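Protein chains in written order, with full-length UniProt numbering: chain X, 1 to 214; chain Z, 1 to 214.
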């Protein structure tokens with residue numbers, strides 16, 4: 001398809017697409033004459049992901065370029081490729097290890113991962129941003145006086161593991177490796193608001209079932 | 001306990017506690033002389049919730065006062081009392097019903113609630129902010145070209161329902177009605193970052209199990 005059709009099908013204005021091309025967020029089309037280039041479904045898919053990163057994830061352009069660089073690096077195995085792409089997204093800062101609440105949170109998270117037997121999460125604990133986010137979130141709770149611990153978190157972690165199994169099953173329905181990694185990154189950014197809203201709705205529903213709505 | 005001890009045990013500076021007292025976010029202590037008042041565990045608990053709302057939830061003071069007003073309104077049944085408190089929190093704006101993606105999202109969410117047989121969520125669909133958040137999140141996905149539908153969301157909704165059952169079981173471990181409602185509001189604000197981090201960690205773990213970490 002030509003640039004005009006790419007714009008129409010994606011809903012992204014021409015000027016924005018040209019900006020993404022200049023910034024290297026979108027690969028150039030296949031040149032078919034001095035003035036025209038041809039774009040394919042891969043461009044359309046990539047354009048969706050770029051918008052998801054920039055418009056919904058509010059990721060800076062330089063960061064988006066780094067994320068996409070990992071998505072495109074087929075020298076990596078899938079776990080590392082996906083991990084590298086997700087880890088390039090903006091993350092929570094390192095917590096202060098001198099803080100007693102941070103140390104208590106680290107202890108509870110370590111305990112949780114041992115209980116669950118999540119060996120990769122244990123091995124990657126010093127470098128994974130997801131691990132760091134969890135420690136920071138638990139430390140915040142503890143600082144506010146809510147002593148949520150490994151025992152309380154374990155059943156939630158198991159539910160989230162079931163969600164992760166579905167995530168990867170869904171990712172695997174996509175034919176090409178590029179689509180699989182792109183879908184996984186898009187899902188990581190876009191699906192959180194859906195899960196959060198589903199959780200709130202489920203709380204309303206369960207509360208009504210237990211206590212009525214009088 | 002005296003004000004100084006309340007400050008020490010909560011970690012909230014004296015000046016901040018006095019500000020919360022002036023703003024009516026914290027009830028006055030029981031006066032025991034012209035210059036001193038006595039505070040109890042209820043004050044400590046409320047202080048935690050106020051900090052969770054303002055510091056973590058970034059809720060404006062006037063909104064926090066409204067939320068707490070509902071928490072304290074024991075003329076309401078628990079579902080409505082909790083609902084009113086959560087609904088007073090800042091919410092996503094009304095979506096544009098003329099937008100085809102919003103209409104498609106509404107259709108999928110309606111379909112989802114029927115499939116799940118969530119009757120309260122269906123009855124409250126025109127007023128619930130959780131319902132509105134879900135429609136907005138699904139419309140955003142559709143606008144970006146990710147056509148996630150009722151069928152794809154249903155298993156996630158069921159997992160979130162299991163999480164909601166645990167949430168309410170946890171809330172019910174608290175003895176008084178006031179503590180139950182306070183805990184539910186604090187959890188709604190504070191537990192989302194924990195769930196999100198658990199989800200990301202579970203994705204790393206599951207990806208490593210399926211594809212290794214080479």
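Glycine included, C-beta positions come from ideal geometry on N, C-alpha and C.
Keep in mind it's a predicted model, so treat the numbers as computed, not measured.
Those residues which DSSP pairs with residue i across a bridge
i                    : result
residue 37 (chain X) : X:31
Member of the options whose CA lies at the smallest distance from the CA of residue i
i                     : options                       : result
residue 71 (chain X)  : X:142, X:28, X:15 and X:87    : X:87
residue 99 (chain X)  : X:123, X:140 and X:59         : X:140
residue 66 (chain X)  : X:44, X:26 and X:34           : X:26
residue 91 (chain Z)  : Z:176, Z:132, Z:167 and Z:106 : Z:132
residue 213 (chain Z) : X:136, X:124, X:137 and X:159 : X:124
residue 21 (chain Z)  : Z:37, Z:32, Z:137 and Z:8     : Z:37
residue 216 (chain Z) : Z:60, Z:138 and Z:12          : As displayed, chain Z neither begins before 1 nor continues past 214, which places residue 216 (chain Z) out of reach and without an answer.
residue 35 (chain X)  : X:169, X:3, X:187 and X:95    : X:3
residue 10 (chain X)  : X:31, X:137 and X:41          : X:41
residue 211 (chain X) : Z:186, Z:209, Z:169 and Z:188 : Z:169
residue 209 (chain X) : Z:117, Z:207 and Z:127        : Z:117
residue 137 (chain Z) : Z:23, Z:106, Z:84 and Z:184   : Z:106
residue 185 (chain X) : X:160, X:23, X:162 and X:59   : X:59
residue 119 (chain X) : Z:23, Z:114 and Z:207         : Z:207
residue 97 (chain X)  : X:84, X:114 and X:126         : X:126
residue 174 (chain X) : X:45, X:115, X:33 and X:161   : X:45
residue 114 (chain Z) : Z:93, Z:95, Z:154 and Z:24    : Z:154
residue 93 (chain Z)  : Z:1, Z:24 and Z:128           : Z:128
residue 31 (chain Z)  : Z:23, Z:8, Z:1 and Z:55       : Z:1
residue 8 (chain X)   : X:33, X:23, X:176 and X:39    : X:39
Contact list for residue i against chain A, beta-carbon separation under 7 Å
i                     : result
residue 105 (chain Z) : Protein chains in the displayed structure are X and Z, and chain A is not among them.
Rounded Cβ spacing between residue i and residue j (contact assumed at less than 8 Å)
i                     : j                     : result
residue 205 (chain Z) : residue 121 (chain X) : 5 Å
residue 130 (chain X) : residue 201 (chain Z) : 4 Å
residue 43 (chain X)  : residue 57 (chain X)  : Contact flag wrong, Cβ pair sits at about 20 Å.
residue 74 (chain X)  : residue 203 (chain Z) : About 20 Å separates the two Cβ atoms, so there is no contact after all.
residue 156 (chain X) : residue 198 (chain Z) : 6 Å
residue 63 (chain Z)  : residue 82 (chain Z)  : Contact flag wrong, Cβ pair sits at about 16 Å.
residue 61 (chain Z)  : residue 102 (chain Z) : Rounded, the Cβ-Cβ distance is 33 Å, inconsistent with contact.
residue 159 (chain Z) : residue 68 (chain X)  : No, residue 159 (chain Z) and residue 68 (chain X) are not in contact; Cβ-Cβ is about 30 Å, not under 8 Å.
*Entirely within the segment 101-158 of chain Z and at least 4 residues each: give me those alpha helix (DSSP H) ranges in chain order.*
119-123 and 129-143
*Could you say if the segment 193-203 of chain Z and the segment 11-25 of chain Z meet the contact criterion of at least three C-beta pairs nearer than 8 Å?*
no
*Three or more C-beta pairs closer than 8 Å, one from the segment 64-81 of chain Z and one from the segment 178-188 of chain Z: is that the case here?*
yes
_Ignoring anything shorter than 4 residues, give me the alpha helix (DSSP H) runs that lie fully in the segment 54-99 of chain X, in order along the chain._
61-71 and 78-87
*Taking 8 Å as the threshold, find out whether the segment 37-54 of chain X comes into contact with the segment 133-151 of chain Z through three or more Cβ pairs.*
yes
*Give a yes or no on contact between the segment 110-129 of chain Z and the segment 146-157 of chain Z, applying the rule of three or more CB pairs nearer than 8 Å.*
yes
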